[in-house]
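Data first, discussion second: the structure below is written as structure tokens.
Residue numbers (our numbering): 81 to 245.
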């Protein structure tokens, strides 16, 4: 039990940078549970089911896999950039911050950035990344959720990677 509490404290310290420093007085509050990962560490899971029920869903489309394969025809060089957890880069509108409230045994906190469990987090992030890379989409960049694939027909042409970075 002590080991579990130490693990919970470690996880809470990691996410503290994404939380509001002020004490939450939000009427919202999602329960938290910690799930053990394969490596034995703990993962924070916030049950935002009630918030997600009343959230208007972002219907941003995922790319179709067959379209992606068509786009990659004739390419030989690939670099994948994993932006996980990129959604933590998206700030939440100030008026929506109280809706992100969650509670643990001793605290009631609010996120200042998108949490993975919020229904529109991944689609909002993907939409933003497509906007950032709009000049390169269909030429040498594919955005899929929180991954960026840079592709080229040859190693020499793979200088595209420098543009993305």
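We put the beta carbon where it would ideally sit given N, CA and C, even for glycine.
Because the structure is a prediction, the values reported are computed rather than measured.
Grouping DSSP H, G and I as helix and E and B as strand, with all else coil, what is residue i?
{"i": "residue 81", "result": "Low confidence applies here, because residue 81 scores a pLDDT of 42, under 50, leaving its location unreliable; read the following figure in that light. Residue 81 falls in the coil class under three-state DSSP."}
{"i": "residue 117", "result": "coil"}
{"i": "residue 124", "result": "strand"}
{"i": "residue 192", "result": "coil"}
{"i": "residue 213", "result": "coil"}
{"i": "residue 103", "result": "coil"}
{"i": "residue 137", "result": "coil"}
Per DSSP, residue i is paired with what?
{"i": "residue 178", "result": "Note: residue 178 sits in no beta bridge, so no partner."}
{"i": "residue 110", "result": "182"}
{"i": "residue 227", "result": "162 and 224"}
{"i": "residue 171", "result": "193"}
{"i": "residue 232", "result": "157"}
Please classify residue i: is it buried, with 16 or more other beta-carbons within 10 angstroms of its beta-carbon, or exposed?
{"i": "residue 166", "result": "buried"}
{"i": "residue 245", "result": "exposed"}
{"i": "residue 158", "result": "exposed"}
{"i": "residue 243", "result": "exposed"}
Looking only at its chain, what residues have a beta carbon closer than 6 Å to the beta carbon of residue i, apart from the 5 residues adjacent to it on each side?
{"i": "residue 162", "result": "227"}
{"i": "residue 198", "result": "128"}
{"i": "residue 81", "result": "Its pLDDT being 42, under 50, residue 81 is placed unreliably in this model, and the coordinates cannot settle the point."}
So, using beta-carbon positions, are residue i and residue j closer together than 7 Å?
{"i": "residue 184", "j": "residue 112", "result": "yes"}
{"i": "residue 209", "j": "residue 222", "result": "no"}
Quick check: does the Cβ of residue i come within less than 6 Å of any heavy atom belonging to the ligand ZN?
{"i": "residue 156", "result": "Among the components of this structure there are no ligands whatsoever, and the ligand ZN is therefore not found."}
For residue i, which residues from the same chain have a beta carbon less than 7 Å from its beta carbon, with the 5 sequence-adjacent residues on both sides left out?
{"i": "residue 172", "result": "180, 191, 192, 193 and 194"}
{"i": "residue 152", "result": "231"}
Please check if any C-beta of chain B sits within less than 7 Å of the C-beta of residue i.
{"i": "residue 216", "result": "Judged by its chain identifiers, the structure shown contains no chain B, having just a single protein chain."}
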